[in-house]
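Protein chains in written order, with this note's numbering: chain G, 34 to 302; chain S, 1300 to 1666.
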C-alpha cells in the first residue's frame, strides 16, 4: 500500500515535470510554434513558427533563425497602444542579437497571415534598436512598414529580398549597416540614411519605388558602390553635395539624381 | 543600576531607530486604506495599493524609490504604486518629489508605474521627477493634472486610456516612447517631448496641444489616429516625421513644423485646416497630402527637400494663399507634385500665392 502511494506520487511529479519542461525544451530546440512577448535568453527558430504578436529580444538575448524557416506574422489591429514596444503593428524588435542564417537555396521567409482586417502594409518589420552585432542573410520580407530599421545598429544585411514595403531599409542615429547584394522592389522608398548614418551599399538592386530609391540626409555619408538603381521615381535623392557615388547603375529612373537642400526640380508643369 | 542600564540601552538603540524611521518601507503587497502623507524617503519593495476613498499626499523633497522585481523576465519591473484612490504629489520647483529606481545601476523599466485605475477624483502631480519606470504615469478611467514634472528615461513617459488628463509645463525626455493614449481627452500645454522613438501617439482621442516643443523623436513627432486635434503655437521640429494625422480632423495653426527628416505634416484620410504655419527644411516634403480635405493657407512653405507639397491622393488640395519660397510660377510649380506630374492623382489649387512671406509667429492664442 505504501509503495503504491509513492508510485502514484512519483508518477504525478513526473507528469508535472514533463508538462512544465516541455515548452521550454521545445522553445530551446526551436520547435515551439508560436511566439509573442519578451525573450531574454537564446531563442532558436526553425521549421515553421508564428509571431502571434510583438516579439522583443532583450539586451543580452539572441534570436537565431535557421535557413529555410518560415516565420508567419499575424498582423495586429493597427490601433493598439499596448503591449506594443515601438510600433502599433506587429513587430520584431531586437535589442540583443539577431542572426538570420538563410541561404540562397533555403531563404528565411516572413509570411503575412491574412485576416479580413489586414491592410496593405501588414506589419512593422524588423527593428534593431541599439542591437549587438547582427546578421540578416537571405531573407524574404514583404509588406512591412520598414522591412529593416536600424537605430544605432550596424548589422550585415545580405541577399535579402524586400518587396512591397513602405520603406526597405532605414539607417538612422549613427547606424552603419553593410547592405550587400539585396533586392528592394516596389516600395515607397528604398534605402533611407538619416542622422549621421553611413551604411555601405554594395551591388544592391533597387527598383520600382514610388519615391526615392536612396535618400540621404545632410548628415549622413553612405558609400554607394556598384548598385543597380532603375525604374524608380527618383534614383538618388541626396543632400550632401560632396557625396561620392558610382552613377553607372543609376539609370532609367524618372529622375536619376536629385540634389536636395533647395527645391531643385527645374521643369515647369 | 537597572535604570542606568536601561538609559544606556536606550541611548545605544536610538540612532538605529532614528535611521530606520528616515526611510518608510513598504514590502510585498500592501494597501493604504486611510489618508496618508509622505514627507521624506520611501522605499517600495512590492506593490502598494491606494484604496478607493483614500488619499496619498506626497510632500516636497520626498524621494520614492522602487526595487526592481521582474518575475517573468520580460525586462519590466513590477513594483509600483497602484491607486484607486487619490494621489496628490505636491513638490515645489526647489524641492521636487522624486520617483526613481532603487537599483545601483538604474535602467528604464526598473519599476512599473504611478498607476491609476478608476480614479474619478482629480489626481495631481506637481513638480516631480519620474524616472526609470515602465510607464512613468499610467491611468485607466481616471482624471489627472500633471504640471511642472519631468518624465525621463522611462519606457513610456506617460500612458493612459479612457482618461481626462491636463498636462502643463512638463518635460518628457529620453523615454523610449514619450506620451501615448487612447480614448482620452488631453490638453497638453507648454510641454516638451524629445528624444523618444514616438513622441506623442494617440488613437480615438481629443487632443488640444498648445505651445509645446516636440523634437528629435525617431519615428513620429506627433501621430493622431481617428482623433481630433487643435494644435497651436507648437514647435514640431527635427523628428523623422513631424505631425502625422490619420483619419483625423481639426486645426493646425501657427506652428513651426520644420527640419523633420521626412515630412513636416502628413495628412492621411483627414479633414484639417492647416494655416499660418512655418514648414521649411523638411527632408522630403513640407506637406504630404493623401486623400484629405480641408485647406492649406497662409503657410510659409520653402526650402523643403524634394517638394514643398505632395498630393498623393485623388482629391484636390486647396492650397491658395501660401508662400512657396519664390514669386515665379515656375518655381511654385516645381515645389508641388500632383496630378499634373502623375496622372490619376488629384490636383493642387495653388492660385493667389503670397508675393512675400508673412512674418511668422507661433500662434498661442485662438485666432
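Glycine included, every Cβ here is placed at the ideal spot set by N, Cα and C.
Contact set between residue i and chain S, taken where Cβ atoms lie within less than 8 Å
i, result
"residue 119 of chain G", "1475, 1476, 1496, 1497 and 1518"
"residue 157 of chain G", "Correct list: empty, because the minimum Cβ distance to chain S is about 10 Å."
"residue 239 of chain G", "Simply none; closest approach about 17 Å."
Bridge-paired residues (DSSP) for residue i
i, result
"residue 1423 of chain S", "S:1387 and S:1444"
"residue 209 of chain G", "According to DSSP, residue 209 of chain G bridges with nothing at all."
"residue 1562 of chain S", "S:1584"
"residue 1439 of chain S", "S:1416 and S:1460"
"residue 240 of chain G", "G:218 and G:263"
"residue 162 of chain G", "G:184"
"residue 1479 of chain S", "S:1458 and S:1500"
"residue 311 of chain G", "Outside the shown range of chain G (34 to 302) lies residue 311 of chain G, about which nothing can therefore be said."
"residue 1592 of chain S", "S:1570"
"residue 1432 of chain S", "S:1410"
"residue 1347 of chain S", "S:1329 and S:1380"
"residue 1651 of chain S", "The partner list for residue 1651 of chain S (beta bridge, DSSP) is empty, contrary to what the question assumes."
"residue 234 of chain G", "G:212 and G:257"
"residue 169 of chain G", "G:133 and G:190"
"residue 1471 of chain S", "S:1450 and S:1492"
"residue 288 of chain G", "G:267"
Where residue i meets chain S, residues with beta-carbon distance less than 7 Å
i, result
"residue 291 of chain G", "1605"
"residue 250 of chain G", "1560 and 1582"
Chain G residues whose Cβ lies nearer than 9 Å to that of residue i
i, result
"residue 1597 of chain S", "Ordered by position in chain G, no residue passes the 9 Å Cβ test against residue 1597 of chain S, which lies about 20 Å from the chain."
Contact set between residue i and chain S, taken where Cβ atoms lie within less than 9 Å
i, result
"residue 276 of chain G", "The contacting residues do not exist; residue 276 of chain G stays about 14 Å from chain S at best."
Proximal residues of chain G, C-beta to C-beta of residue i below 8 Å
i, result
"residue 1479 of chain S", "114"
"residue 1500 of chain S", "114 and 121"
"residue 1451 of chain S", "What residue 1451 of chain S touches in chain G: nothing, since even the nearest Cβ is about 17 Å away."
"residue 1539 of chain S", "205 and 227"
Contact test: residue i Cβ vs the ligand MG heavy atom, cutoff 7 Å
i, result
"residue 1516 of chain S", "With respect to the ligand MG, the structure shown offers nothing to examine, as it has no ligands at all."
- Say whether the segment 1383-1391 of chain S touches the segment 1415-1433 of chain S, bearing in mind that this needs 3 or more beta-carbon pairs closer than 8 Å, one atom from each stretch. yes
- Length at least 3, wholly inside the segment 250-283 of chain G: the beta strand (DSSP E) runs in chain order: 256-258, 261-263 and 267-271
- Three or more beta-carbon pairs under 8 Å between the segment 253-261 of chain G and the segment 1568-1576 of chain S, yes or no? no
- Message: If the cut-off is 7 Å on Cβ atoms, which residues from the segment 1354-1379 of chain S count as contacting chain G, listed in chain order?
- Response: 1372, 1373 and 1374
- Task: Below 8 Å between beta carbons is the criterion; list the residues of the segment 182-214 of chain G that meet it against any residue of chain S, in chain order.
- Result: 184, 205 and 206
- Task: Taking only runs that begin and end inside the segment 58-109 of chain G, name each unbroken beta strand (DSSP E) of 3 or more residues, in chain order.
- Result: 67-72, 75-78, 81-90, 95-98 and 103-106
- Task: Pull out every residue of the segment 64-78 of chain G whose Cβ sits closer than 7 Å to any Cβ of chain S, in chain order.
- Result: 70, 71 and 73
- Query: Using a beta-carbon distance cut-off of less than 8 Å, what residues from the segment 164-181 of chain G approach chain S?
  - Reply: none
- Task: Ignoring anything shorter than 3 residues or poking outside the segment 1318-1344 of chain S, list the beta strand (DSSP E) runs there in chain order.
- Result: 1322-1331 and 1335-1337
- Message: By the 8 Å beta-carbon criterion, what residues does the segment 1502-1535 of chain S contribute toward chain G?
- Response: 1502, 1503, 1517, 1518, 1524 and 1525
- What alpha helix (DSSP H) runs, 4 residues minimum, are completely inside the segment 111-151 of chain G? none
- Note down, in chain order, all residues in the segment 219-235 of chain G with a beta-carbon under 9 Å from any beta-carbon belonging to chain S. 222, 225, 227 and 228
- Query: Using 8 Å as the threshold, is the segment 1426-1436 of chain S in touch with the segment 1482-1489 of chain S, meaning 3 or more CB pairs across them?
  - Reply: no
- Give, in chain order, every unbroken run of the alpha helix (DSSP H) that is at least 4 residues long and sits entirely within the segment 172-201 of chain G. none
- Meets three-Cβ-pair contact criterion under 8 Å: the segment 132-151 of chain G and the segment 211-218 of chain G: no
- Whole beta strand (DSSP E) runs in the segment 1490-1574 of chain S with 3 or more residues, listed along the chain? 1491-1493, 1497-1502, 1505-1509, 1512-1514, 1519-1524, 1527-1531, 1534-1536, 1540-1545, 1548-1552, 1562-1567 and 1570-1574
- Query: Along the segment 256-289 of chain G, what residues have a CB closer than 8 Å to any CB found in chain S?
  - Reply: 267, 270 and 272
- Say whether the segment 125-132 of chain G touches the segment 162-175 of chain G, bearing in mind that this needs 3 or more beta-carbon pairs closer than 8 Å, one atom from each stretch. yes
- Item | Start-end ranges of the beta strand (DSSP E) lying completely within the segment 1600-1628 of chain S, minimum 3 residues | 1606-1610
- Message: With three or more C-beta pairs closer than 8 Å as the rule, is the segment 93-108 of chain G touching the segment 1442-1455 of chain S?
- Response: no
- Message: Between the segment 1365-1382 of chain S and the segment 1342-1350 of chain S, can you find at least three pairs of beta-carbon atoms closer than 8 Å?
- Response: yes
- Between the segment 218-230 of chain G and the segment 199-209 of chain G, are three or more C-beta pairs nearer than 8 Å? yes
- For the segment 1545-1558 of chain S and the segment 1524-1535 of chain S, state whether three or more C-beta atom pairs, one from each stretch, are separated by less than 8 Å. yes
- Message: With a threshold of 8 Å, are at least 3 pairs of Cβ atoms found where one atom belongs to the segment 1613-1627 of chain S and the other to the segment 1320-1335 of chain S?
- Response: no
- Contact between the segment 1466-1486 of chain S and the segment 1495-1510 of chain S: three or more CB pairs below 8 Å? yes
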